[in-house]
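Asks: Numbering (our numbering), first residue to last: 143 to 240. Every residue, glycine too, gets a C-beta built ideally from N, C-alpha and C. Sharing a structure here in C-alpha cells format.
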C-alpha cells in the first residue's frame, strides 16, 4: 500500500490503461481518427490548419479537465463507499439508517 500512496503523491500513478489492445474498438477508432486527421490536414491551407490545431488543443484541454474531474469524483466516491462500509450510512444522502 505504501508504494501506491507514494506513487499517487508523486504524480506517478497511472489512472487509466496505457495500452490499447490490437483490433479493439478503441484501436479502430484511433486509426480512423488518424486517417481523418491526415486527410483533412492535406486539404487545408495554413490559416485553416492553424484553426484545426487550435480546435484540437481546446478539445484536449477540455478532455484533460474532464478526466481530472472524473478521477477526483471517483476517488471521493471510493472514500464515501469506505465510510459507508465502516460506519453504516450513506454519506451522499447523509440520512441515518433505519
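1. Is there a C-beta anywhere in chain B that falls below 7 angstroms from the one on residue 197?
2. Determine the DSSP secondary structure at residue 153, reduced to helix, strand or coil.
3. Which whole-angstrom value describes the C-beta separation of residue 194 and residue 182, a residue pair presumed to lie in contact below a C-beta threshold of 8 angstroms?
4. Taking the alpha-carbon positions, what's the residue 205 to residue 214 distance?
5. Which runs of the alpha helix (DSSP H) fall wholly inside the segment 154–186 and span at least 4 residues, in chain order?
6. Can you tell me the Cα-Cα spacing of residue 151 and residue 210, whole angstroms?
7. Just how far apart, CA to CA, sit residue 226 and residue 191?
8. Measuring CB to CB, does residue 168 end up less than 7 angstroms from residue 162?
9. Identify the continuous alpha helix (DSSP H) that holds residue 230 and give its terminal residues.
Replies: In this structure, then:
1. You won't find chain B in this structure, because it holds only one protein chain.
2. coil
3. Indeed they touch by this definition, with Cβ atoms about 7 angstroms apart.
4. 14 angstroms
5. The qualifying runs are 167–185.
6. 15 angstroms
7. 52 angstroms
8. yes
9. Boundaries for residue 230: no alpha helix (DSSP H) harbours it, and the DSSP string shows neither H nor E there.
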